[in-house]
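>
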Amino acid sequence: MADILNKHSDELGNVLVQVQDDLRQLKRSLGRITFHEKGETVDLQALDAAIRRTESGIRRRAEQYQKTVNRQVLTLPSIEDLEKKTVQIPKWRPPLGSIPDMHHQRGQSVGASPGEKHKAALAMRLLYNPVHPKNRTLMHQNYGIQLPDLRKRSATTGPTQRVVTGPTVGSLAIVPGGARNNLYLVPPLSEEDMTAGIASLLEKGLTSSARDLFWTAVLPTAAPLHRREESCSSKMAPPEKTSRGQKELIWGKDPGPSHGHVGGARERPSTWTIHTPPASANSKSSEHRQMTQGAVRLAPLNPQCLPALASISISKLSFTILEGHINPMAPDFCRFKQHYCLCWGLLVELLSGLGSLLRSMFHCPHGQGGDLDWAVGGGGSSSVESLLSVIENREEVWDLVHRPGQRYRGEGGTEAAAIRIQSCWRRHWARNAYLRHRQRKWAAGTIAISWLMHAQLGRVRKSLQESKRTHLDNYRIRGQYLSANWKHIQASRRTIIHVPSLGYSQLQRFSLKGFDVLQNIQMGRLCDVRDENVEVIYVSPVRLGDDLSQYYTRLLALQQRGQGGLQEATVDPGDGWGGGARTTQASCTKRFTILTPDALEDFPTHNMCLSTLLKYSPRTLRRIRNLIQGQQAYMVGGVAHFDDLAVADVLGVPLLGPEPAVARLYSTKSGGRRIFTGAGVTVPPGQWDIYSLQQLHETLAQLMTNHMEVRRWLFKMDSEMGGRGTAYCDVSHLNCSIWAQQEYSHHSPERWRTAWAQEPVLMKYLEEVPEWLSHYAQPVKTSCYPTWTCFLDTFLRHGGVVEGYPPSDSVTCLTVDLLLQPDGEVTVLSCGDQLHGPSELETAGSSVPQTSVCPDALHTLCLRVGQACLQRHIIGHVSMDLATFLDPRTLEQQVWAVDLDLSYSNQLAMTQLMLMMTGGSLDCRTSRLEVPLTKPFLRQKGSKETALPAVASRYAVLGSRLLHTNLSMVHYSVFFQMCKAQGIGFDIKEKQGTVFVLHDSCERYSLGMVTVGDDLQGALMIFARNLSVIHQEISAPNMQGETNFKDLIRDIEEVLGMTVQNKAQVSEEEEKTAAVAVRTKMDH
C-alpha cells in the first residue's frame, strides 16, 4: 500500500494543487456576483468550468486510485476535523470475522502512516461524492468554499448510512464458463479467495446467484457515520416531485414498485446497498474537477454570496436509443455514464443486451434509461421483462414486443424468419417422422402382441383340445369296461356318484333365475340307497344347512321303520323333521354322503354348472376319490357337459351317460324328431332344422295345406328347454281359414293329397302367413321372450321345429323315463301323466303311474325309442314326452312322440323318493304301483295273530318344483308345525300321505311335494288340498306373492272332472253291457 502511494504521490499531489488553483480562481470569480431587482442571480459559469476540469482529472485517476485503496483491509478511524473545529466521527470496523486480518509491516511503510492515508482517502472519497451530506461541510472547512444547500430536509428522510467495503482484489484464476451458472460446479474458496473480496469473485466470472451464496458469510453491516439529529444532509425535494430523481444502486435487489418491471419483476434479497442522492450536473463536474486537481486546501468564501442552485431531476440521466444503437457521444448518454461510472462494467452487458433486443424487435424504438438498480446486482444476462423494465416507455415497447411477427421486422428479421421457417419445417418434418415411427412401432408392437396372444391362444386351444380328446378317449375306454361288466356291477356293492349338473349354454344359465337351486331339485337321487348294495355320493350345488341334513337323514331312516313292521308309527313332518323318530336310524343313513364343491364361493356370480364347479374343486375331488377307493363306482350326471368327462376322468370312474357332442345333437327338438323318425314312432306333423324366415313361411304354408285338421301350430327352438322356447299360433286367425276349409271339404282325403287340389289354398296361405304370424303368434314364456319378434330372431339364429298341436280338445301328455343300460337293455323306470302349470305347454308335476295310454303299447313304443338311441351310442337316463288324444275323424287314440331329453329327469328323482317312502315298486308294463302292507290275519280259531305281508295298489302325485315367494318368510320348523296342525303328514302303516322335498336352506321359495293315495282321484285331492292350505297359511289378502299353486289347483280340478266323467261313462258302459248280457240270457 505504501509503495503504491509513493508511486503515485506526485500525480496525486499535482491533482490536488490544480484543484486548489482552480478553487482559488473560483473564489475570485465569485466576487463578481450581480443582483437583480426581483431576486439575486449567481454567475456559475466559472464554477462549472472548474468542476468539469476537476472531473476530467479525477476520471483518469479514479479507477487506479480506487483499486489502490481497495487492495487492503480498511479500518475506519475517527475522522478528525482538519481544522479541529468539526465533530469527531466515531471509529468503525466492519464485522469481517470470516476474512483473515491482514496487518501491514511497519518496516514496509514509507511516508505517512496508514491512519493518515486512510483519512486522506476518506476525505477524497467524500469530496468525490457531491451528493454526500459531508461534502458541503468538508469543502467549506478544508477549502473555504461555501457551496449552496441543494438538499432540503424532509421529515420522512431517514439517516444517511454509508456501507464501507473491506475485501480486496487479488490475481486469481477465472472460473470456466460452464461452471458460472451452476452452483454445484463452483470450485471451493480458499483462504486467499476469501481475503481477496467481492471484486475477485467478479473477475473470476461467478454469477450473481453464486456471489449471493458467498456474500452471506462476509456481509458487512452498515455503519452510521452520524446520528439523525447530527446529520448535515440538505433538504430534499418533495417525494412526489423527486421520485424519479432519486436513484438507488442496489446490489441484489430489483426496483421497487415505482420502478417495477412490466409483466411482474421478481425481488432479490437486499445485500449491499449504496444510496445515491440526486446531484446536479454542475456539482458533479466541479466535484470531479476538484478531485483531479488534488487535495488542495482552499479558503472558504462567504456563504451569503452563494446563490441557491436548483436541483436537476434524475430524469435528465435518461438517454435515447435509436434503432437499437446507443450514441456514445450523446450528452445524455455521457451524463448517464458519468453518473454510473463506478458500476459501468456491469451496465455494459445490460446495455448491449438491451440494444440487441431493441434492434431485433423494432426499427426505430425509443428508450430512456430508467431504474438500473437490479442490473447493478444482476451481473449477467436478464430476461426480456427485466431488460424492458429500465425503459421509460416500457408499456408501449412491451405491447410492441408481444405483437405477432414483431421479431421479424427488426434487424436480422429476414434471417430470423428464414431460420424460424426452417426450424418449424424441420420440427414439423421431424414430428411427422417421429409420429410415423411411433405409429409403426405401436403397430409392430400390436402385431407382435397379437401374434403372441394368437400363438398363446393357439397353444391353449390345442392343449384344451388335446385334454378333451384325452378325456373322451378315457370315457370310451371306461364305457367299454362299464358295458362289459354292467351285470356284475349291478349285482355287487357299488357307489353311485350323483352330479345333478345342468350343462346348458352360458346364455341360458344366466337367464335362469335361481340356477343353483334349480340344479338341486333332484334331491330324490339320495333314495338310491334303498338298494342295500348301493352307496350314494350326492354333490350339492348349494350349501345345505344342518336343518336340511337332519331332515334327509331322518327321512331316509323311515325306510327301515316301514319294513320292520312298526304298526303305529306315522310320519309327521312337524315332529322332529320328518316324524317322531323313536327308533334307531337305519343303516341306509350311513350309506349316503352329501358334498358341496369348495369352489362354490370362488364363483358366486358366474352361474357355472355343477360339473364345472366340481372340476375346479380339488379338495372335493380328493375326498370323493378317498370315498370310492377300492369300490365299484360310476358317475351319473345331468344335462351333458364336457366337464362331466373331465370330472369322471379325474375321479377315474366311468360316466353313465352319452358323449356331450352326441347329447347336444339329439337333445334338441330337431335331434329328437330324427330319433323318433328313425324309431318309426308317430310324431306330430311338422318340419325340423328351420333357419330362415322364407323357409319358415314356405314350410308352414305347406304343412297347413297338408294337414287341414290341425288348428294350432307350435314353434319350438332347438336350444331351449322346459317350454321356454315355444310359441304358438292358431289357424282360426287366418282370413282365409273358412274358405280353405270349404275347399278341403270339396275333396276326399285321397284327392286332397294331390298337388293340383292344394295349389289354390297353398298360394293363399303363402300370401297371408307372414302377416298372420306377425300379428297372432305368441310366445308361451313371455318373461323370456316378450314379443314374437324377439322369439323369431332367436328361433332363426339357433334353428327350430314347426309342428302341429293335436287336433283335439282333450290332450294328455305323458313323461316316460328310460334307462339305456350299457349292455344294450332298455328299462322303463317311471311313467306318469303330466300336470300343467300356467299354460298347457308347461309341466309342473305328474301323476304316477300313467293311466292315459295302454301299458303294452306304451312299453312297445318306449323300447323302440330306446333301441334307436342305443344305435346312436346314447346310454344312460333318457326322458321322453308323449301326447295322446282321440282322433276326431276315426275316434281312435293317437300317441305322438313330442320331445326327448337325454338327462336324468325331475320326475324320476321324485319317483325314487316315492318308492323309498312307500317301499313299493313301479311296474310300467302294467302301470301299477304296488306297496307292501302289514295287516293282522287270523289263520285258525284260537291261534295267535300273525302279521302277513299284503300288497296294495297306490297312486302318487309328484310336484317337483312348487314355487311361492312367501315360503321364504317361513322357517322350515314353523312350516312343518303348520303342516302338522293342518293334518298334513305321511302314514307309514298305510303307505299314504304327504312327503316334502326341501331344496335349499337360504332362499326357501321352492319345494317339492309327493302325495300318495289309494286311487288317483284321492291322491289328486290330497295334492290340491295341501296346496290350498299352504297358500292360505303363508299368504295374506294384500300379500299373495308369486306362485304356481293356483295354476296347479286349476289343472287338478280339470283332471278330477275328467276322472269323474270317465268313471260315469265306465259305469254306464258296464250297465249297458250287463243289460245286454241279461237280454241275451232271456232270449236263450
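Under the working numbering, the letters of the sequence shown match residues 89 to 1172, in that order. Built from N, CA and C at the ideal position, the CB exists for glycine as well.
1. Go ahead and pull the three-state DSSP assignment for Y816.
2. To the nearest angstrom, report how far apart L917 and H694 are at their CA atoms.
3. Which one of H924, S1009, A1040, Q1065 has the shortest CA to CA distance from L1021?
4. Count the other CB atoms within 10 Å of the CB of G1071; is the residue buried (16 or more) or exposed (fewer)?
5. From N1114 to L744, what distance separates their C-alpha atoms?
6. According to DSSP, is S477 part of a helix, a strand, or is it coil?
7. For D987 and G612, what's the separation of their Cα atoms in angstroms?
8. Using the three-state DSSP reduction, which class does D684 fall into: helix, strand or coil?
9. Can you give the Cα-Cα distance for R528 and A518, rounded to whole angstroms?
10. Looking at the secondary structure, which residues open and close the beta strand (DSSP E) in which E1121 lies?
11. Return yes when the Cβ of H947 is within less than 8 Å of the Cβ of R1013, no when it is not.
12. Decide if E1141 is buried, meaning its Cβ has at least 16 other Cβ atoms within 10 Å, or exposed.
13. When the Cα of V750 is compared with those of L739, R762, V741, which residue comes out closest?
14. Is the separation between the beta-carbon of V583 and that of E623 shorter than 8 Å?
15. For the alpha helix (DSSP H) that contains G892, what are its first and last residues?
16. Taking buried to mean at least 16 other C-beta atoms within 10 Å of its own C-beta, is R782 buried or exposed?
17. What is the DSSP secondary structure of G352, counted as helix, strand or coil?
18. Is H961 buried or exposed, if buried means 16 or more other CB atoms sit within 10 Å of its CB?
19. Between the C-alpha atoms of I682 and S807, what's the straight-line distance to the nearest angstrom?
20. Just tell me which of Q955, S927, R1042, S896 has its CA closest to the CA of L979.
21. What are the boundary residues of the beta strand (DSSP E) that G602 is part of?
22. In the DSSP output, which residue or residues are listed as bridge partners for Y47?
23. Which value, in whole angstroms, describes the spacing of the CA atoms of P837 and L791?
24. On the criterion of 16 or more Cβ atoms from any shown chain inside 10 Å, does Q106 qualify as buried, or is it exposed?
25. Could you tell me whether the stretch 1042-1059 touches the stretch 1091-1108, where touching means 3 or more Cβ pairs closer than 8 Å?
26. Determine, using beta carbons only, whether M968 and V904 come nearer to each other than 8 Å.
27. For A267, does the three-state DSSP call read helix, strand or coil?
28. Could you check where the beta strand (DSSP E) with H586 kicks off and where it finishes?
29. Quick check: R799 and V771, are their CB atoms within less than 8 Å of each other?
30. Where do the ends of the alpha helix (DSSP H) carrying F767 lie?
31. Look at the alpha carbon of N970 and the alpha carbon of V899, and state the distance between them as a whole number of angstroms.
32. When the Cα of F803 is compared with those of A828, H821, W776, which residue comes out closest?
33. Please classify R1016: does DSSP put it in a helix, a strand, or coil?
34. Could you tell me which residues DSSP pairs with P800 in its beta bridges?
35. If contacts are defined as beta-carbon pairs under 8 Å, then I716 and V741 qualify, I think. What distance do you get, rounded to the angstrom?
36. Whose CA, out of K205, R141, I1076, lies closest to the CA of L644?
Taking the coordinates as given:
1. Position 728 of the sequence shown, counted from the first residue, corresponds to residue 816. Three-state DSSP puts Y816 in a strand.
2. Sequence index remark: in the sequence shown, residue 917 carries index 829 (1-based). Sequence index remark: in the sequence shown, residue 694 carries index 606 (1-based). Distance between the alpha carbons of L917 and H694: 34 Å.
3. For the purposes of this step, residue 1021 is taken as residue 933 along the sequence shown, with counting starting at 1. The option with the nearest alpha carbon to L1021 is A1040.
4. As a first step, residue 1071 is located in the sequence shown; it is residue number 983 there, counting from the start. It counts as exposed.
5. Taking the sequence shown and counting its residues from 1, the one referred to as residue 1114 is at position 1026. Taking the sequence shown and counting its residues from 1, the one referred to as residue 744 is at position 656. Each residue's Cα considered, the two are about 37 Å apart.
6. Numbered from 1 along the sequence shown, position 389 holds the residue referred to as residue 477. DSSP, read as helix, strand or coil, puts S477 in coil.
7. The residue labelled residue 987 in the question sits at position 899 within the sequence shown. The residue labelled residue 612 in the question sits at position 524 within the sequence shown. Their backbone Cα atoms lie some 23 Å apart in a straight line.
8. Within the sequence shown, residue 684 is the residue found at index 596, counting from 1. Per the sequence presented here, residue 684 reads as Thr, with Asp not at that position. Of the three classes helix, strand and coil, the one that applies to T684 here is coil, per DSSP.
9. To locate residue 528, count along the sequence shown from 1; it is residue 440. To locate residue 518, count along the sequence shown from 1; it is residue 430. Going from the Cα of R528 to the Cα of A518 covers about 15 Å.
10. Taking the sequence shown and counting its residues from 1, one reaches residue 1121 at position 1033. Element bounds for E1121: not the beta strand (DSSP E) but the alpha helix (DSSP H), 1104-1122.
11. Residue numbering aside, residue 1013 sits at position 925 when the sequence shown is read from its first letter. Residue numbering aside, residue 947 sits at position 859 when the sequence shown is read from its first letter. Cβ distance < 8 Å, so R1013 and H947 count as in contact.
12. Taking the sequence shown and counting its residues from 1, one reaches residue 1141 at position 1053. Exposed: under 16 other Cβ atoms inside 10 Å.
13. For this step, residue 750 is matched to residue 662 along the sequence shown. It is R762 whose Cα lies nearest to the Cα of V750.
14. Taking the first residue of the sequence shown as 1, we reach residue 583 at position 495. Taking the first residue of the sequence shown as 1, we reach residue 623 at position 535. A small fix is needed here, since residue 583 is Thr in this sequence, not Val. Contact: yes.
15. Position 804 of the sequence shown, counted from the first residue, corresponds to residue 892. From DSSP, G892 is part of no alpha helix (DSSP H) but of the beta strand (DSSP E) over 888-892.
16. Against the sequence shown, residue 782 aligns to sequence position 694. In the sequence as presented, Arg is not what sits at residue 782; that position holds Gln. Q782 should be labelled exposed.
17. By 1-based counting over the sequence shown, the position of residue 352 is 264. The predicted position of G352 is uncertain, since its pLDDT is 36 and thus under 50; no value can be drawn from it.
18. Numbered from its first residue, the sequence shown carries residue 961 at position 873. Exposed is the call here.
19. Locating residue 682 in the sequence shown gives position 594, where the first residue counts as 1. Locating residue 807 in the sequence shown gives position 719, where the first residue counts as 1. Rounded to whole angstroms, I682 to S807 spans 31 Å at the Cα level.
20. Start at 1 with the first residue of the sequence shown, and residue 979 comes out as number 891. When each option's Cα is compared against that of L979, the closest is S896.
21. Taking the first residue of the sequence shown as position 1, residue 602 is located at position 514. Where G602 is concerned, there is no enclosing beta strand (DSSP E), given that its DSSP letter is neither H nor E.
22. Given a span of 89 to 1172 for the chain in the structure shown, any question on residue 47 remains unanswerable.
23. Residue 837 sits at position 749 when you count from the first residue of the sequence shown. Residue 791 sits at position 703 when you count from the first residue of the sequence shown. Cα to Cα, the separation comes out at about 15 Å.
24. If you number the sequence shown from 1, residue 106 lands on position 18. By the neighbour-count rule (16 or more Cβ atoms within 10 Å), Q106 is buried.
25. yes
26. As a position in the sequence shown, residue 968 is number 880, starting the count at 1. As a position in the sequence shown, residue 904 is number 816, starting the count at 1. Yes, the Cβ-Cβ distance between M968 and V904 is below 8 Å.
27. To locate residue 267, count along the sequence shown from 1; it is residue 179. Note that A267 scores 44 on pLDDT, short of 50, meaning its location in the model is unreliable and no value can be drawn from it.
28. Position 498 of the sequence shown holds residue 586. Run containing H586: 582-586, per the beta strand (DSSP E) assignment.
29. Stepping through the sequence shown from its first residue, residue 799 is reached at position 711. Stepping through the sequence shown from its first residue, residue 771 is reached at position 683. Going by C-beta atoms, R799 is not nearer than 8 Å to V771.
30. Against the sequence shown, residue 767 aligns to sequence position 679. The question names Phe, but residue 767 in the sequence shown is Ala. Here the alpha helix (DSSP H) through A767 covers 757-767.
31. Looking up residue 970 in the sequence shown gives position 882. Looking up residue 899 in the sequence shown gives position 811. Looking at the sequence itself, residue 970 is Leu, so the reference to Asn does not match. Using only the alpha carbons, I get a separation of about 10 Å.
32. Residue numbering aside, residue 803 sits at position 715 when the sequence shown is read from its first letter. Answer by Cα proximity: W776.
33. Indexing the sequence shown from 1 puts residue 1016 at position 928. Reduced to three states, the DSSP call for R1016 is strand.
34. Stepping through the sequence shown from its first residue, residue 800 is reached at position 712. It should be pointed out that residue 800 corresponds to Arg in this sequence rather than to Pro. Answer is D818, bridged to R800.
35. Position 628 of the sequence shown, counted from the first residue, corresponds to residue 716. Position 653 of the sequence shown, counted from the first residue, corresponds to residue 741. Confirmed, about 7 Å.
36. Counted from its first residue, the sequence shown places residue 644 at position 556. It is I1076 whose Cα lies nearest to the Cα of L644.
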